[in-house]
Amino acid sequence: MRYKACRNCRAICEDKEEVCPICGSNDFTYNWEGIVAIVDPFKSQVAKILGHEKAGIYALKVY
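Using our numbering, the first residue of the sequence shown is number 241, and each one after it goes up by one.
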């Protein structure tokens, strides 16, 4: 299965998704690197550093 990343919020989505479940954007790319999973964005220092306010799986780099 292929995954794509939202260019707006960097959320990782399945290939079949047409709209990002995190931000609602439809601007995706298959050119991304690294994964980080945010479980509790309010307690996570990583989420604060990366600027994520919603739980989800995100790409570290999106080209």
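The beta-carbon is built from N, C-alpha and C at its ideal position, and this holds for glycine as well.
Separation of residue j from residue i, as counted between CA atoms
| i | j | result |
| --- | --- | --- |
| Cys253 | Pro261 | 8 Å |
| Glu257 | Ile289 | 27 Å |
| Gly291 | Ser284 | 10 Å |
| Met241 | Trp272 | 15 Å |
| Val286 | Gly264 | 23 Å |
| Val279 | Ile297 | 9 Å |
| Ile275 | Phe282 | 19 Å |
Proximity of residue i and residue j at Cβ, strictly below 7 Å
| i | j | result |
| --- | --- | --- |
| Arg250 | Ala299 | yes |
Per DSSP, cross-strand counterpart(s) of residue i
| i | result |
| --- | --- |
| Val302 | Trp272 |
| Lys244 | Cys253 |
Does the region 259-277 touch the region 242-250, meaning 3 or more C-beta pairs lie closer than 8 Å?
Counting Cβ pairs under 8 Å, three or more are found: they touch.
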